[in-house]
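Q: As given, the protein sequences belong to chains P and R, one line each in that order.
Read in this note's numbering, the first sequence has 174 at position 45, and its numbers run on one by one without any break.
Read in this note's numbering, the second sequence has 50 at position 35, and its numbers run on one by one without any break.
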Amino acid sequence: MRMNNPLARWGALLAGLALIWLFMFQAGPALTQHSSAFRQYAAHVDELDFNTGAIYYTDVEIVAEGDLGYRTTVEYTPRGPALIN
Amino acid sequence: MADSRTITPPNQDDVVVDKAASKLSDLWTKEDYWAIWLGFILLAIGLALFLNNRPEGMEEKIAKANAVIEAEAARSPFKTVAYYEAQDAKGAIKGSNMPFAKTISKYLAHPAGWSTNPIDGLVQDKAAGEAKSAKAMPAYEKAKATADAAKAEALAAEDAAAFAGFQDTTLNQTAQGKIDDWRKAKKKASSAKSKTSVKTFNQFTTLPVLMIALGLLFALGIKFMGKDTTGFLKGFVAVFVVAAISFLLAGQSVSKQYGIEFAVWAIVIGMLISNTVGTPKWIKPALETEFYIKTGLVLLGAEVLFNKIVAIGIPGIFVAWVVTPIVLICTFIFGQKVLKMPSKTLNMVISADMSVCGTSAAIATAAACRAKKEELTLAIGLSLVFTAIMMVAMPAAIKATGMPYILGGAWMGGTIDATGAVAAAGAFLSEQALYVAATIKMIQNVLIGVTAFGVAIYWCYKVDCVPGQKVSAWEIWHRFPKFVLGFLTASIIFSSIYGALGSDVAFSLIDQGVLRGFVGGFRGWFFCFAFVSIGLATNFRELAHYFKGGKPLILYVCGQSFNLALTLLMAYIMFYVVFPDITAKI
Numbered sequence: 130m131r132m133n134n135p136l137a138r139w140g141a142l143l144a145g146l147a148l149i150w151l152f153m154f155q156a157g158p159a160l161t162q163h164s165s166a167f168r169q170y171a172a173h174v175d176e177l178d179f180n181t182g183a184i185y186y187t188d189v190e191i192v193a194e195g196d197l198g199y200r201t202t203v204e205y206t207p208r209g210p211a212l213i214n
Numbered sequence: 016m017a018d019s020r021t022i023t024p025p026n027q028d029d030v031v032v033d034k035a036a037s038k039l040s041d042l043w044t045k046e047d048y049w050a051i052w053l054g055f056i057l058l059a060i061g062l063a064l065f066l067n068n069r070p071e072g073m074e075e076k077i078a079k080a081n082a083v084i085e086a087e088a089a090r091s092p093f094k095t096v097a098y099y100e101a102q103d104a105k106g107a108i109k110g111s112n113m114p115f116a117k118t119i120s121k122y123l124a125h126p127a128g129w130s131t132n133p134i135d136g137l138v139q140d141k142a143a144g145e146a147k148s149a150k151a152m153p154a155y156e157k158a159k160a161t162a163d164a165a166k167a168e169a170l171a172a173e174d175a176a177a178f179a180g181f182q183d184t185t186l187n188q189t190a191q192g193k194i195d196d197w198r199k200a201k202k203k204a205s206s207a208k209s210k211t212s213v214k215t216f217n218q219f220t221t222l223p224v225l226m227i228a229l230g231l232l233f234a235l236g237i238k239f240m241g242k243d244t245t246g247f248l249k250g251f252v253a254v255f256v257v258a259a260i261s262f263l264l265a266g267q268s269v270s271k272q273y274g275i276e277f278a279v280w281a282i283v284i285g286m287l288i289s290n291t292v293g294t295p296k297w298i299k300p301a302l303e304t305e306f307y308i309k310t311g312l313v314l315l316g317a318e319v320l321f322n323k324i325v326a327i328g329i330p331g332i333f334v335a336w337v338v339t340p341i342v343l344i345c346t347f348i349f350g351q352k353v354l355k356m357p358s359k360t361l362n363m364v365i366s367a368d369m370s371v372c373g374t375s376a377a378i379a380t381a382a383a384c385r386a387k388k389e390e391l392t393l394a395i396g397l398s399l400v401f402t403a404i405m406m407v408a409m410p411a412a413i414k415a416t417g418m419p420y421i422l423g424g425a426w427m428g429g430t431i432d433a434t435g436a437v438a439a440a441g442a443f444l445s446e447q448a449l450y451v452a453a454t455i456k457m458i459q460n461v462l463i464g465v466t467a468f469g470v471a472i473y474w475c476y477k478v479d480c481v482p483g484q485k486v487s488a489w490e491i492w493h494r495f496p497k498f499v500l501g502f503l504t505a506s507i508i509f510s511s512i513y514g515a516l517g518s519d520v521a522f523s524l525i526d527q528g529v530l531r532g533f534v535g536g537f538r539g540w541f542f543c544f545a546f547v548s549i550g551l552a553t554n555f556r557e558l559a560h561y562f563k564g565g566k567p568l569i570l571y572v573c574g575q576s577f578n579l580a581l582t583l584l585m586a587y588i589m590f591y592v593v594f595p596d597i598t599a600k601i
């Protein structure tokens, strides 16, 4: 894959960087706007500032919230008065 | 991913022909052991810091919150406003909020989020922080007013239900609905509030400090292993800079919307350099992929807390721990018997990546079965594409079909690869869906420990030997990747400490202290260094060779389809047929 011409090599690097720019600022946002499901989802990610690429549960703060909520449900299950029919 | 054993040439690279051996000097000359020593040094420092600096009045606050939760659980058949507020108060007690922990976080921090100007992710002075805060204020005020109004409505509905002695089903359901609305509005208000705080940072001053500290840490192991320490330190500067750029790109808003993680950016940037201008020779001594991965995995072991499994109860355990191994094993067998995949390691890494939890499982499994770096790259690439599709399509499909959100949450938690994407997709449906999705994914995360151990044993016992060869226990020990022992030991130690502290105190000091405030930060950087090293040493052509015939894609699609069907079936049976009572209370 290595090119011999130094100019071609640097040109290829710049082209690669341009593709990243194109994705982040042109193609990515355009694709998001194209689908209503994606548009809604993207707005939700922006609003709650999700780290969607997090690879482990300790990288996502909201998972701790979910963990605490579920554990509290299991440990202190609401058992209030039963319905009397 | 090379190893210290002797393996036959590439055309027979699934077969080990000569015997491995262990020596006492391995303890200070081998990479696996150095990964353990470095990992354990960091874990010991983290434990010492967080267990000796507890948040003030922690036990009293927890006891007070639990008393309220207990009283409300006895009073009402559903979670009341007071129940949730006490739960939130308990969740706010975090070791990572201590001043010393905030200083550590400042130095371990990745570049922050940004939208159009990457410098925004690296530097923010007071004026810029205040301007950002002022811009976010109207949205926060609006969100707060909505949350306050929703709370008033929730309290009124709850009072009406209580006035009827919780005997009126309609009033109970109305109150639950209003409380759910309040929780959703409150979450939005909290998120909006966090954007109004004036934050100042300058990562041009903190990142060099971190680079020097981490460079010296790894250089210690490099020196004892007899490698070129000076060359390593020179090259490490470049590896660190590319890693920081990868985190910066992962923090960009569009990148986050698509769930493109730092690992992908690290590989992309690395490959872009290596396949165009070429990786400079002076960087190569720092491309210690395995050393970074293994040290990161020892740290990850501390985050594999077996206590978390108990927390979720039986329905979640069935979804996470019964379906996942079945899918993993069936996909591997399908790859071998039906697709006849030439590489067992690629087959296993894709199977684990798809069935367990994406990138983190791929890293652990690849290291355990000594997969090649191109195979790990390919598995992560597949996971990225399908995660981006599934995290948008699944919530949309769940809403469109009217599927109960708890069932949908369990389904997404068990099938979407990336943990962050699961949380975002779960929260997109409802708070209950988030609870279930996030917790099931967390339990799958814990499964990494068992998976890595099982794969390492299977490879030593079955795969890495010639047909018919008898392998003794001693031989298995010689061949066994030793860092896995460090990974498991860290998991057992941290799980034991977690259990001894009790779930609430452990949540504040371990989960929200040592792990999120210390260990996770180091682990993220180490994995990023590994992926930068992979990218800088990978050739596009070699990568394309592994994708020949599209078998990896077919394997992923077939395995994920089976995963989707089986997870949905199991989630329905567990949450709606066997344990409907638990589901109703979530």
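Using N, Cα and C, we set each Cβ at its ideal position, and we do this for glycine too.
All values reported here derive from a predicted model rather than from experimental measurement.
Candidates 272(R), 499(R) and 479(R): which alpha carbon is nearest residue 465(R)'s?
A: Of 272(R), 499(R) and 479(R), the residue nearest in Cα terms is 499(R).
Q: Name, please, each residue of chain P whose Cβ falls closer than 9 Å to the Cβ of residue 112(R).
A: None at all; the shortest Cβ gap to chain P is about 12 Å.
Q: Based on the DSSP output, what are the partners of residue 216(R) in its beta bridges?
A: BP columns for residue 216(R) point to 139(R).
Q: Over what stretch of residues does the alpha helix (DSSP H) that includes residue 388(R) continue unbroken?
A: Looking at the DSSP string, the run of the alpha helix (DSSP H) that includes residue 388(R) is 388-416.
Q: Restricting to runs no shorter than 4 residues, where is the alpha helix (DSSP H) found entirely within the segment 128-202 of chain R?
A: Those alpha helix (DSSP H) runs which fall completely within the segment 128-202 of chain R and span 4+ residues are 141-178.
Q: Can you tell me which residues form a DSSP beta bridge with residue 267(R)?
A: BP columns for residue 267(R) point to 129(R).
Q: For the candidate residues 211(R), 235(R) and 133(R), whose alpha-carbon lies nearest to that of residue 157(R)?
A: Comparing Cα positions, the closest option is 211(R).
Q: What is the C-beta distance between residue 180(P) and residue 435(R), in whole angstroms, given that I count them as a contact (C-beta under 8 Å)?
A: About 5 Å separates the two Cβ atoms, so the contact holds.
Q: For residue 222(R), which residues from the same chain have a beta carbon less than 7 Å from its beta carbon, with the 5 sequence-adjacent residues on both sides left out?
A: Around residue 222(R): 259.
Q: Does DSSP classify residue 30(R) as helix, strand or coil?
A: The predicted model places residue 30(R) with a pLDDT of 37, which falls under 50 and marks its position as unreliable, so this point remains unresolved.
Q: Quick check on the burial criterion: 16 or more other C-beta atoms within 10 angstroms. Buried or exposed for residue 442(R)?
A: Under this definition residue 442(R) is a buried residue.
Q: How far does the alpha helix (DSSP H) with residue 191(P) in it reach, from first residue to last?
A: First-last of the alpha helix (DSSP H) with residue 191(P): 190-204.
Q: Residues of chain R with CB under 8 Å from residue 150(P), in chain order?
A: Those do not exist, as residue 150(P) stays about 11 Å from chain R at its closest Cβ, beyond 8 Å.
Q: Assuming residue 48(R) is part of the alpha helix (DSSP H), what are its boundary residues?
A: From DSSP, the alpha helix (DSSP H) with residue 48(R) extends over 46-66.
Q: Between residue 168(R) and residue 186(R), what straight-line distance do the alpha-carbon atoms span, to the nearest angstrom?
A: The straight-line gap from Cα to Cα measures roughly 13 Å.
Q: Is residue 39(R) helix, strand or coil by DSSP?
A: Coil, per DSSP.
Q: For residue 89(R), count neighbouring Cβ atoms within 10 angstroms of its own Cβ and tell me buried if that reaches 16, exposed if not.
A: Exposed, by the Cβ-count rule.
Q: Counting only runs of 4+ residues fully inside the segment 255-330 of chain R, write out the alpha helix (DSSP H) ranges in chain order.
A: 268-272, 277-289 and 304-318, all fully within the segment 255-330 of chain R.
Q: Within 10 Å of its beta-carbon, does residue 277(R) have 16 or more other beta-carbons around it, so buried, or fewer, so exposed?
A: By the 10 Å Cβ count, residue 277(R) comes out buried.
Q: Give the single residue among 422(R), 193(R) and 372(R) whose Cα lies nearest to the Cα of residue 460(R).
A: Closest option to residue 460(R), Cα to Cα, is 372(R).
Q: Count the CB pairs spanning the segment 543-553 of chain R and the segment 306-314 of chain R that are closer than 8 Å, and state whether there are at least three.
A: Output reads yes: the segment 306-314 of chain R touches the segment 543-553 of chain R.
Q: At the level of alpha carbons, what is the spacing between residue 399(R) and residue 274(R)?
A: Cα to Cα, residue 399(R) sits roughly 7 Å from residue 274(R).
Q: Is the number of C-beta pairs between the segment 562-578 of chain R and the segment 339-348 of chain R that are closer than 8 Å three or more?
A: These segments touch.
Q: Would you kindly report the start and end of the unbroken alpha helix (DSSP H) that includes residue 79(R)?
A: Counting along the chain, the alpha helix (DSSP H) containing residue 79(R) begins and ends at 73-90.
Q: So is residue 596(R) buried or exposed if we call it buried at 16+ other beta carbons inside 10 Å?
A: Classification for residue 596(R): exposed.
Q: Entirely within the segment 444-518 of chain R and at least 4 residues each: give me those alpha helix (DSSP H) ranges in chain order.
A: Taking only runs of at least 4 residues, the alpha helix (DSSP H) segments lying wholly in the segment 444-518 of chain R are 446-473, 488-494 and 498-516.
Q: Residues of chain R with CB under 8 Å from residue 173(P), in chain order?
A: What residue 173(P) touches in chain R: 439, 442 and 443.
Q: Along chain P, in chain order, which residues have C-beta atoms closer than 9 Å to that of residue 92(R)?
A: Those are 207, 208, 209, 210, 211 and 212, listed as they occur along chain P.
Q: The alpha helix (DSSP H) with residue 372(R) in it runs from where to where?
A: Looking at the DSSP string, residue 372(R) is not in any alpha helix (DSSP H), and its letter there is neither H nor E.
Q: Residue 142(P) versus chain R: which residues are under 8 Å apart at the beta carbon?
A: Within chain R, the residues near residue 142(P) are 287, 288, 291 and 292.
Q: Run through chain R and tell me which residues come within less than 7 Å of residue 133(P), C-beta to C-beta.
A: The premise fails here: residue 133(P) is roughly 11 Å from chain R at the closest Cβ pair, so nothing lies under 7 Å.
Q: Would you mind sorting residue 117(R) into buried or exposed? The rule is 16 or more other CB atoms within 10 Å of its CB.
A: Counting Cβ neighbours within 10 Å, residue 117(R) comes out exposed, since fewer than 16 surround it.
Q: Go to residue 168(P), then tell me how far its alpha helix (DSSP H) extends in each direction, as first and last residue.
A: Element bounds for residue 168(P): 165-177.
Q: Run the CB neighbour count on residue 296(R), radius 10 Å, all protein chains shown included, and call it buried at 16 or more, exposed below.
A: Label assigned to residue 296(R): exposed.
Q: What are the start and end residues of the alpha helix (DSSP H) that includes residue 112(R)?
A: Unbroken run through residue 112(R): none, as it is neither H nor E.
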